[in-house]
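Participant: Counting with mature numbering (1 follows the signal peptide of the UniProt record, and there is no 0), you get residues -19 to -1, 1 to 348 for the letters of the sequence shown.
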Amino acid sequence: MMNPLGCALLLALTGSVVSFTSTRPSHAQIISPLFSTPTETVSTPTELPDSMEDAAEIAAKACAQFAEASGPLGRCRITFDTSAGDETYTILKTSSEFMQNVVSYVCYQMIPGLQEIRQGEMMKVAQARAELQAILDQEEAGDADVDQEKKASCIQILETGGRDPDYKWEGPNVRVYFPDEGSAALARRDWMGNSAAESKVPPCVLFSSCGGVQMGDVSKDEIIFFFCPKASESGDVEKLLMKTETTSDNLKLTVFVNPNLVDMGVTGFGMAGRQLRERLLDGLVDTYYLRTLQWGALTRTWPNAYSVWQEDEESEGGYKLIKSLPYLPSNPEVEDIYDIANGLMDEREGGGFLDQFGDFVNGMMRL
């Protein structure tokens, strides 16, 4: 057990006693420091998504709503961790498909003109499918007077998803920063495919990495994502963010997805680590949060409350809500909520000072 002097020294290095003895953030951290949110909204529970794609769509809508409410240069965070503590695969790998969907949904929500282009492509596909079916019906009926050129054109439209292979996007960009060039190249291959027809993301999406490559022109970047940035890239992340916020003509939003920018082995517990948190992390608003647990899940959609759900076969959807809070609860607090809801702990017992201390140290080591 640490003696009182050692504890006091640690507190002096990491911050005030007040910030240490309570895991609850201030009102300004619960809600964006840029604007206020009605209390009744913060108390509204957050429902669980129906699927991974549903979670991505919900997260994208929350980001778009936050950007509209916060104004230019808004910064927010998405946490998506469905590992339930299983570390077999990295969080970058397990959340890559979710990320691809979030990026696509955000683009269609926030980039002018994209939705209209996509609707036009879908109409072309629907028309081509109907015309091709009519031609196939002609052939089946033995009609020799079939327009083969029209048939080939319909097939090509269906193969390309209605997209013009020669079309070049000239509007604003949505840039996704990956931790390194390798992960950026892999995502570019998986998300873009070999042609515009195979692409899973809109044409406005650009792929970059946090370190090792000279910064390009970011003046047309309207939305930027930092996907799973690590503590070792924190310096590069800060430079990229500062450059984009100062040189972009119309930056609307910066989204950090599963950031891990503070680590004891890299940034330490001292002044450098604390200042980094203040510059990059403390002002971030959780627009979407989903973390699966061994017995349930913790979720939040901005501007609603953080909600703790427990698996329950008798409840609709297989889960029941056991607690909602206006702030992100610590890991021990989440376990206490479960124990109290299931009669394993008296509500008056709760988590003590040592539990909060342990969670504080863990949080300092890995945010």
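For every residue, glycine included, the Cβ atom is placed at its ideal position computed from N, Cα and C. Model, not experiment: these values are computed from the prediction.
Report the three-state DSSP secondary structure of Lys224 (helix, strand or coil).
Facilitator: Walking along the sequence shown from the start, residue 224 turns up at place 243. The answer is helix: DSSP assigns Lys224 an H, G or I state.
Participant: Find the nearest neighbour of Ala45 within the set Lys301, Asn312, Asp263 and Ile205, judged by alpha-carbon distance.
Facilitator: To locate residue 45, count along the sequence shown from 1; it is residue 64. Out of Lys301, Asn312, Asp263 and Ile205, Ile205 has the C-alpha closest to the C-alpha of Ala45.
Participant: If contacts are defined as beta-carbon pairs under 8 Å, then Gly152 and Glu102 qualify, I think. What distance do you get, rounded to the angstrom?
Facilitator: Residue mapping note: residue 152 aligns to position 171 of the sequence shown, counting from 1. Residue mapping note: residue 102 aligns to position 121 of the sequence shown, counting from 1. That pair is no contact at about 16 Å.
Participant: Go ahead and label Ala41 buried or exposed: buried means 16 or more other beta carbons lie within 10 angstroms of its beta carbon, across all protein chains shown.
Facilitator: Position 60 of the sequence shown holds residue 41. Under this definition Ala41 is a buried residue.
Participant: Considering only residues of the segment 51 to 135, which uninterrupted alpha helix (DSSP H) runs meet the minimum length of 4 residues and lie entirely inside it, listed in chain order?
Facilitator: Here the runs fully enclosed are 72 to 75, 77 to 91 and 95 to 121.
Participant: Evaluate contact between the segment 127 to 147 and the segment 96 to 116, counting only Cβ atoms and requiring at least three cross-stretch pairs below 8 Å.
Facilitator: Touching, per the Cβ criterion.
Participant: Could you check whether the segment 43 to 63 touches the segment 263 to 270, counting it as contact only if at least three pairs of C-beta atoms, one from each stretch, sit closer than 8 Å?
Facilitator: In short, these stretches touch, since the Cβ pair count reaches three.
Participant: Is it true that the CB of Gln275 sits closer than 8 Å to the CB of Gly94?
Facilitator: Within the sequence shown, the letter at position 113 stands for residue 94. Within the sequence shown, the letter at position 294 stands for residue 275. Against a cut-off of 8 Å, the Cβ pair of Gln275 and Gly94 comes out as no contact.
Participant: Answer with buried or exposed for Pro146, where buried requires no fewer than 16 other C-beta atoms within 10 angstroms of its C-beta.
Facilitator: What you label residue 146 is simply residue 165 of the sequence shown in a count that begins at 1. Flag for Pro146 reads exposed.
Participant: When you compare the CB positions of Pro160 and Glu214, do they come within less than 8 Å of one another, or not?
Facilitator: Your numbering for residue 160 matches position 179 in the sequence shown. Your numbering for residue 214 matches position 233 in the sequence shown. In contact: Pro160 and Glu214 (Cβ atoms closer than 8 Å).
Participant: Which one of Leu309, Leu302 and Ser311 has the shortest CA to CA distance from Pro26?
Facilitator: The sequence position of residue 26 within the sequence shown is 45, counting from 1. Cα-wise, what sits closest to Pro26 is Leu302.
Participant: As an exercise, report each continuous alpha helix (DSSP H) stretch of at least 4 residues that is fully enclosed by the segment 152 to 187, in chain order.
Facilitator: Within the segment 152 to 187, the complete alpha helix (DSSP H) runs of at least 4 residues are 162 to 173.
Participant: Taking Arg260 and Glu219 to be in contact with their CB atoms under 8 Å, please state how far apart those CB atoms are, rounded to whole angstroms.
Facilitator: Taking the first residue of the sequence shown as position 1, residue 260 is located at position 279. Taking the first residue of the sequence shown as position 1, residue 219 is located at position 238. About 7 Å separates the two Cβ atoms, so the contact holds.
Participant: Looking at the structure shown, is Asn239 part of a helix, part of a strand, or coil, going by DSSP?
Facilitator: As a working note, residue 239 is residue 258 in the sequence shown. Note: Asn239 maps to coil in three-state DSSP.
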